[in-house]
Amino acid sequence: AACNSNPTPCKDPPDKLFTVHGLWPSDSNGNDPKYCKAPPYQTMKILEPQLVIIWPNVLNRNDHEVFWRKQWDKHGSCASSPIQNQTHYFDTVIKMYTTQKQNVSEILSKANIKPGRKSRRLVDIENAIRNVINNMTPKFKCQKNT
2 AACNSNPTPC
12 KDPPDKLFTV
22 HGLWPSDSNG
32 NDPKYCKAPP
42 YQTMKILEPQ
52 LVIIWPNVLN
62 RNDHEVFWRK
72 QWDKHGSCAS
82 SPIQNQTHYF
92 DTVIKMYTTQ
102 KQNVSEILSK
112 ANIKPGRKSR
122 RLVDIENAIR
132 NVINNMTPKF
142 KCQKNT
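Going by my numbering, the first residue of the sequence shown is number 2, and it counts up by one from there.
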């Protein structure tokens with residue numbers, strides 16, 4: 002989706018995975034707060050090998066840090082309670098993706114929905130995810146490109 006709605010060409014990953022774009026906290030009204038007061042972003046060398054795979058900068062695969070910094074500053078900074086700090090924020094994404102049935106690539110692949118330039122019905126994507134996450138409704142943010 003990011004690749005189709007952005008004028009900058011994306012660099013597809015060699016393994017064609019659905020990747021994380023962000024972990025965005027929301028308040029009890031469903032609003033997404035942005036740019037909250039938090040310690041500044043620090044380089045994530047220890048988590049970088051995992052983040053490069055599951056949370057890459059698809060617009061510039063030579064500079065993931067810029068993307069991660071933007072995600073922390075804009076969204077992660079607002080995730081305090083239950084998120085304790087920056088490392089916990091990024092580690093939470095890794096754990097969600099790898100251990101808590103939140104690996105969207107795997108979920109959709111099992112439903113025969115694979116990355117590509119083929120249109121998909123939202124209900125099919127939603128149902129594939131709902132079937133794995135205890136029938137909870139996933140939140141989607143759709144972008145229309147022309």
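Note that CB positions come from ideal geometry on N, CA and C, so glycine has one too.
Query                                                                                                                                                                                       : Result
Since V94 and F19 should fall inside the 8 Å C-beta cutoff, what is the C-beta to C-beta distance between them, to a whole number of angstroms?                                             : About 14 Å separates the two Cβ atoms, so there is no contact after all.
Starting from the C-beta of G77, find all residues in its chain whose C-beta is less than 6 Å away, skip the five residues before and the five after it, and write them out in chain order. : Y90
Distance check for D74 and T88, CA to CA, integer angstroms please.                                                                                                                         : 13 Å
Around the Cβ of F141, are there at least 16 other Cβ atoms within 10 angstroms (buried) or fewer (exposed)?                                                                                : exposed
How is the alpha helix (DSSP H) around N106 delimited, first residue to last?                                                                                                               : According to the sequence as given, residue 106 is Ser; it is not Asn. Unbroken alpha helix (DSSP H) run through S106: V105 to K111.
What residues in its chain sit with their C-beta under 8 Å from that of T49, if we drop five residues either side in the sequence?                                                          : Just to set this straight, residue 49 is Glu in the shown sequence, not Thr. Excluding residues within five positions, the ones whose Cβ falls inside 8 Å are H65.
Please state whether DSSP places S78 in a helix, a strand or coil.                                                                                                                          : helix
Roughly how many angstroms separate the alpha carbons of E107 and N128, rounded to a whole number?                                                                                          : 14 Å
Return the residue from the list S27, G23 and N136 that minimises the CA-CA distance to V59.                                                                                                : G23
Tell me the DSSP bridge mates of I84?                                                                                                                                                       : S81
Determine the contact status of L109 and I126, defining contact as a CB-CB distance below 9 Å.                                                                                              : yes
To which residues of the same chain is T44 closer than 8 Å at the C-beta, ignoring the five residues directly before and after it?                                                          : E66
Between Q85, D33 and V53, which lies nearest to A39 when the distance is taken from Cα to Cα?                                                                                               : Q85
Quick check: the Cα distance between T138 and Q103, rounded to an integer number of angstroms?                                                                                              : 13 Å
Got a sec? Which residues, its chain only, sit under 8 Å from N113 by beta carbon, not counting five neighbours each side?                                                                  : none
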